[in-house]
Amino acid sequence: MTSQVSSPAEPPVLGEQRKPGKEIRRLDRVIVRFAGDSGDGMQLTGDRFTSETASFGNDLSTLPNFPAEIRAPAGTLPGVSSFQVHFADHDILTPGDRPDVLVAMNPAALKANVGDLPRGAEIIVNTDEFTKRAMAKVGYATSPLEDGALEAYNVHPVPLTSMTVEALKDFGLSRKEAERSKNMFALGLLSWMYHRPTAGTETFLRSKFAKKPELAEANITAFRAGWNFGETTEDFAVTYEVAPAQAAFPPGTYRNISGNLALAYGLVAASAQADLPLFLGSYPITPASDILHELSKHKNFGVRTFQAEDEIAGIGAALGAAFGGSLAVTTTSGPGVALKSETIGLAVSLELPLLVIDIQRGGPSTGLPTKTEQADLLQAMYGRNGEAPVPIIAPATPGDCFNAALEAARIALTYRTPVFLLSDGYLANGSEPWRIPDTGELPDLRVQFATTRNHTDADGQEHFWPYLRDPQTLARPWALPGTPGLEHRIGGIEKQDGTGNISYDPGNHDLMVRTRQAKVDGIEVPDVTVDDPTGAARTLVIGWGSTYGPITAAVRRTRQAGGEIAQAHLRHLNPFPANLGEVLAAYRNVIVPEMNLGQLAQLLRARYLVDAASHTQVTGLPFKAEQLAARLQEAVAQGLTKEAADVR
Amino acid sequence: MSAEALSLIPKADAKQSMKDFKSDQEVRWCPGCGDYAILAAVQGFLPELGLARENIVFISGIGCSSRFPYYMNTYGMHSIHGRAPAIATGLATTRRDLSVWVVTGDGDALSIGGNHLIHALRRNVNLKILLFNNRIYGLTKGQYSPTSEVGKITKSTPMGSLDAPFNPVSLALGAEASFVARTIDSDRKHLTSVLREAAAHPGTALVEIYQNCNIFNDGAFDDLKDKDSAQETLIRLEHGQPIRFGVDGAKGVVRDPATGDLKVVGVTAANEADVLVHDAHAASPTTAFALSRLADPQTLHHTPIGVLRSVERPVYDNAMADQLDAAVEQKGKGDLAALLAGNDTWTVVG
Numbered sequence: 011m012t013s014q015v016s017s018p019a020e021p022p023v024l025g026e027q028r029k030p031g032k033e034i035r036r037l038d039r040v041i042v043r044f045a046g047d048s049g050d051g052m053q054l055t056g057d058r059f060t061s062e063t064a065s066f067g068n069d070l071s072t073l074p075n076f077p078a079e080i081r082a083p084a085g086t087l088p089g090v091s092s093f094q095v096h097f098a099d100h101d102i103l104t105p106g107d108r109p110d111v112l113v114a115m116n117p118a119a120l121k122a123n124v125g126d127l128p129r130g131a132e133i134i135v136n137t138d139e140f141t142k143r144a145m146a147k148v149g150y151a152t153s154p155l156e157d158g159a160l161e162a163y164n165v166h167p168v169p170l171t172s173m174t175v176e177a178l179k180d181f182g183l184s185r186k187e188a189e190r191s192k193n194m195f196a197l198g199l200l201s202w203m204y205h206r207p208t209a210g211t212e213t214f215l216r217s218k219f220a221k222k223p224e225l226a227e228a229n230i231t232a233f234r235a236g237w238n239f240g241e242t243t244e245d246f247a248v249t250y251e252v253a254p255a256q257a258a259f260p261p262g263t264y265r266n267i268s269g270n271l272a273l274a275y276g277l278v279a280a281s282a283q284a285d286l287p288l289f290l291g292s293y294p295i296t297p298a299s300d301i302l303h304e305l306s307k308h309k310n311f312g313v314r315t316f317q318a319e320d321e322i323a324g325i326g327a328a329l330g331a332a333f334g335g336s337l338a339v340t341t342t343s344g345p346g347v348a349l350k351s352e353t354i355g356l357a358v359s360l361e362l363p364l365l366v367i368d369i370q371r372g373g374p375s376t377g378l379p380t381k382t383e384q385a386d387l388l389q390a391m392y393g394r395n396g397e398a399p400v401p402i403i404a405p406a407t408p409g410d411c412f413n414a415a416l417e418a419a420r421i422a423l424t425y426r427t428p429v430f431l432l433s434d435g436y437l438a439n440g441s442e443p444w445r446i447p448d449t450g451e452l453p454d455l456r457v458q459f460a461t462t463r464n465h466t467d468a469d470g471q472e473h474f475w476p477y478l479r480d481p482q483t484l485a486r487p488w489a490l491p492g493t494p495g496l497e498h499r500i501g502g503i504e505k506q507d508g509t510g511n512i513s514y515d516p517g518n519h520d521l522m523v524r525t526r527q528a529k530v531d532g533i534e535v536p537d538v539t540v541d542d543p544t545g546a547a548r549t550l551v552i553g554w555g556s557t558y559g560p561i562t563a564a565v566r567r568t569r570q571a572g573g574e575i576a577q578a579h580l581r582h583l584n585p586f587p588a589n590l591g592e593v594l595a596a597y598r599n600v601i602v603p604e605m606n607l608g609q610l611a612q613l614l615r616a617r618y619l620v621d622a623a624s625h626t627q628v629t630g631l632p633f634k635a636e637q638l639a640a641r642l643q644e645a646v647a648q649g650l651t652k653e654a655a656d657v658r
Numbered sequence: 004m005s006a007e008a009l010s011l012i013p014k015a016d017a018k019q020s021m022k023d024f025k026s027d028q029e030v031r032w033c034p035g036c037g038d039y040a041i042l043a044a045v046q047g048f049l050p051e052l053g054l055a056r057e058n059i060v061f062i063s064g065i066g067c068s069s070r071f072p073y074y075m076n077t078y079g080m081h082s083i084h085g086r087a088p089a090i091a092t093g094l095a096t097t098r099r100d101l102s103v104w105v106v107t108g109d110g111d112a113l114s115i116g117g118n119h120l121i122h123a124l125r126r127n128v129n130l131k132i133l134l135f136n137n138r139i140y141g142l143t144k145g146q147y148s149p150t151s152e153v154g155k156i157t158k159s160t161p162m163g164s165l166d167a168p169f170n171p172v173s174l175a176l177g178a179e180a181s182f183v184a185r186t187i188d189s190d191r192k193h194l195t196s197v198l199r200e201a202a203a204h205p206g207t208a209l210v211e212i213y214q215n216c217n218i219f220n221d222g223a224f225d226d227l228k229d230k231d232s233a234q235e236t237l238i239r240l241e242h243g244q245p246i247r248f249g250v251d252g253a254k255g256v257v258r259d260p261a262t263g264d265l266k267v268v269g270v271t272a273a274n275e276a277d278v279l280v281h282d283a284h285a286a287s288p289t290t291a292f293a294l295s296r297l298a299d300p301q302t303l304h305h306t307p308i309g310v311l312r313s314v315e316r317p318v319y320d321n322a323m324a325d326q327l328d329a330a331v332e333q334k335g336k337g338d339l340a341a342l343l344a345g346n347d348t349w350t351v352v353g
């Protein structure tokens, strides 16, 4: 493919022009990690660097990592906040295992992150913060900058704080205020090092501080000072270029997008495609709140957002809105799902469309609110009283959250059922380039409401029966209040098949339980596809949700090392794709990596009687491709051994 | 009748009667239950409103009273314990063309669903909440409730209950309710008049209905119902009228100049002018609250009934609709393609 990447706003180079004389090295990929105190603005810095990188046309993947406390005690290890961005001239799948560059704003940030660096990595340290006290706070008896502890790395000591203050001396800011811009100084320096376009950041700062133009100018000055410092100082002799990822992207218009943003957009799109007003009932919870924030901005799309008094009211209001004909959604994380369980059961019984979006985080209980995990699968599958089946789907990447929202809406609307969408903290906050879809290619999700009575008595009288089902989908009619002649009552108490009247009849209950199960079992979902390039693999790796990137990266490494391995990834977890049993049976060895203690593996083993092996990790962080690849290579070897044993 | 509360709801084509509101389902409350009287009063009064039947919705939680929607030939939902106000909030907020009623009990509304009740009242969503208070748990067969008097002997409290009861009217007034009333199941005329005012109220209306459970708490309100004793125990409030009760209006409610609180006095020629005139529309809920506190929590003597408070303030669902309109006015109708594209894009050409 001959492709070219064009950036809409190639910036006028800020400060001074790039001077000749410094060496430029070309790299195919780089991993940068910004780390500092929770109050140092590392997330913003990482976001800006990512935007610059996206607009330059690299492929990228990000990993924000921050504590649950808003301002953890300054200078401590638990207070360290970091943002990692991996960018490349080819397609990449993960935020990367080991940073090539670490920006450490203080001793805590250095200490917390240095262990992840490969030998030879570059470390840019803010020397101003390396006071005796600050170092002692994190257990450095002597300065790591001087005692040889960092010999394996290429250390750039930079007095970031004092140079920022010096650059801003004419702004009449207090020292404390001026120091706050040090993250922009660091961003300027990194932007210089990696030839990032800078106009976007200046525009961003002007708009962010539109009400305080002097702060906008101060931040821009610090940003430029950082850039100029790189250009001027002898310490940085080399800059790096990473070419746009030309071949990685099919033609189209792209933007950078995080999982929560893509999910919010997917919901707005689903509402438009279904021609139903969107209603979100939600209670703030990390890491799902950003969806509430985002949707509350789009009232001009007819979106109603309701910040409820608690999780239960959030889903309750959504269910009420569904009864009234809205595309109803509730967003939450694991602890919220626990509270919503009874209402999800009611939605199963009422058979109304409802999206339950769970942005999973570390558990149990409050667990790790800002870290990622996939441990709510069995909660989504079984976490209700009685037989209460709920379809489950899971997006694979941040951008895929958009499609997953549309797919969840399709199932909910077609089958009149609550649907679980399981995203997680990694997808929610991570970002990647996303091809902006043409709205003409989005699925048609329009529904037919009931308008006429659907049953005639023996004596010729017409009735509306709310539980008379569509023979194909087993969905019941959706009759909205306000429709004359279809007045009816629904409830959580068991109801008679057809009429919907209260029924305690044993046979009827058995029928209704089995029918609700059959409806979910019968949901049409696409077959799972298998990537098995040679067709000779004996081992299959299968995952679900956000592990797609790390698993795929590990599969590539395994194949590069000569291992034959097949890969499948599940988007639909209930019901499973119809061909899944066949797929599993076709491989001698099945391995299931998950960020839990083996929940999908348990479902697969129970359902298909397959000897699936689990590979699990519950660190609150995504799998690292390198470690996962090592495990996959073992699995490939096991597959061959097993086969050899079979032959014998 | 306030035009605003019902103006968005379509009207019935033809004159309605009580029987139009009876569903084909057999009513299954215990014979003699106070719920029958309330059901009859509601079915009897709704035709007055002249609303299209299909635009009326009853939503309930769990408990004896919560079977109510099955008996109404309207749209209805029998939901889960305590959550009816939350569910009704979602419906009323998205469908201003509906008249949404919540039917709940003292356990449903004040125990398991207390949080939803107070927040519905605070938001002032266009809901009419009928709280059937029988001071006992009926459906679970006779445990004490959050409105039971202290010392109540029940299956779960054989030595007497320990906790002080809620006064639902006081609670609602404290939760910023814009309309609070109390009535009694057996007083059809009074019950109907209160329902009428509640229906006309824009925003959340809470109507507490004292309801006799003849199985587990029979006679709980006899002192308020017996013609003779009621004269002394019941304070009938009417907006704009002096608050007097007792034989020949011998007693009245006055403000104690020393404490500012309300008290009951014998009315004499000397103090007659001091008798408080009931103002349901007072901006401050203070006096309504003081009135609600006249009732003895154990015996319910000096219980005020009628509309304690009825004031107009912004209605949540209207305010939300206004915000949606304002957003369209400011930003134009949402353009999906523009939203998805955002401001920061790059193009890859093939």
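Respectively, the protein sequence lines represent chains G and V. For the first sequence, our numbering begins at 11 and goes up steadily by one. For the second sequence, our numbering begins at 4 and goes up steadily by one. Even for Gly, the Cβ is constructed at its ideal location relative to N, Cα and C.
Delimiting residues of the alpha helix (DSSP H) encompassing residue i
{"i": "Gly435(G)", "result": "Gly435 to Asn439"}
{"i": "Trp202(G)", "result": "Lys192 to Met203"}
{"i": "Lys121(G)", "result": "Pro117 to Asn123"}
{"i": "Ile301(G)", "result": "Ser299 to Leu305"}
{"i": "Phe239(G)", "result": "Pro223 to Thr242"}
Unbroken beta strand (DSSP E) run spanning residue i, endpoints
{"i": "Arg43(G)", "result": "Arg39 to Asp47"}
{"i": "Met80(V)", "result": "Tyr78 to His81"}
{"i": "Arg258(V)", "result": "Lys254 to Arg258"}
{"i": "Trp349(V)", "result": "Thr348 to Val352"}
Test item: CB-CB of residue i and residue j under 9 Å
{"i": "Tyr425(G)", "j": "Val530(G)", "result": "yes"}
{"i": "Gly35(V)", "j": "Gly141(V)", "result": "no"}
{"i": "Gly591(G)", "j": "Ile83(V)", "result": "no"}
{"i": "Gln155(V)", "j": "Ser164(V)", "result": "What sits at residue 155(V) in the sequence shown is Lys, not Gln. Yes, they are a contact pair."}
{"i": "Leu273(G)", "j": "Ala438(G)", "result": "yes"}
{"i": "Ile322(G)", "j": "Thr341(G)", "result": "no"}
{"i": "Lys434(G)", "j": "Thr376(G)", "result": "This sequence places Asp at residue 434(G); Lys is not what is there. Cβ distance not < 9 Å, so Asp434(G) and Thr376(G) don't count as in contact."}
{"i": "Val256(V)", "j": "Leu297(V)", "result": "yes"}
{"i": "Asn129(V)", "j": "Asp320(V)", "result": "yes"}
Identity of the residues DSSP links to residue i by a beta bridge
{"i": "Trp444(G)", "result": "Arg265(G)"}
{"i": "Thr107(V)", "result": "Leu134(V)"}
{"i": "Asp69(G)", "result": "Ala98(G)"}
{"i": "Trp554(G)", "result": "Leu580(G)"}
{"i": "Gln317(G)", "result": "Ser292(G)"}
{"i": "Gln370(G)", "result": "Asp434(G)"}
Chain-order list of residues whose beta-carbon lies under 8 Å from that of residue i (same chain, five-residue window excluded)
{"i": "Phe24(V)", "result": "Val45, Gln46, Leu49, Pro50, Arg56, Met75, Asn76 and Thr77"}
{"i": "Leu356(G)", "result": "Leu329 and Gly502"}
Close Cβ partners of residue i (< 6 Å) along its chain, the five nearest in sequence each way excluded
{"i": "Phe135(V)", "result": "Ser68, Gly108, Ile212 and Gln214"}
Own chain, CB closer than 7 Å to residue i, minus 5 neighbours either side, in chain order
{"i": "Arg247(V)", "result": "Lys254, Gly255, Val270 and Val278"}
Please list the residues of the segment 57 to 69 of chain V that have a C-beta atom closer than 7 Å to any C-beta atom in chain G, keeping them in chain order.
Glu57, Asn58 and Val60
At a Cβ cut of 9 Å, what residues of the segment 83 to 106 of chain V count as close to chain G, listed as they run along the chain?
Ile83, His84, Gly85, Arg86, Ala87, Pro88, Ala89, Ile90, Ala91, Thr92, Gly93, Leu94, Ala95, Thr96, Thr97, Arg98, Asp100, Leu101 and Val103
Return the residues of the segment 331 to 352 of chain V that lie within a Cβ-Cβ distance of less than 7 Å from chain G, sorted by chain order.
Val331, Lys334, Gly335, Lys336, Gly337, Leu339, Ala340, Leu342, Leu343, Ala344, Gly345, Asp347, Thr348, Trp349, Thr350, Val351 and Val352
Residues of the segment 56 to 68 of chain G with Cβ closer than 9 Å to any Cβ of chain V, in chain order:
Ser61, Ala64, Ser65, Phe66 and Gly67
So if I threshold CB-CB distances at 7 Å, which residues from the segment 443 to 458 of chain G count as touching chain V?
Ile446, Pro447 and Thr449
Interface residues of the segment 6 to 20 of chain V facing chain G [CB-CB below 8 Å]:
Pro13
Can you list, in chain order, the residues of the segment 426 to 438 of chain G whose Cβ is nearer than 9 Å to any Cβ on chain V?
none
Please name the residues in the segment 128 to 147 of chain G whose beta-carbon is closer than 9 Å to at least one beta-carbon of chain V, in chain order.
none
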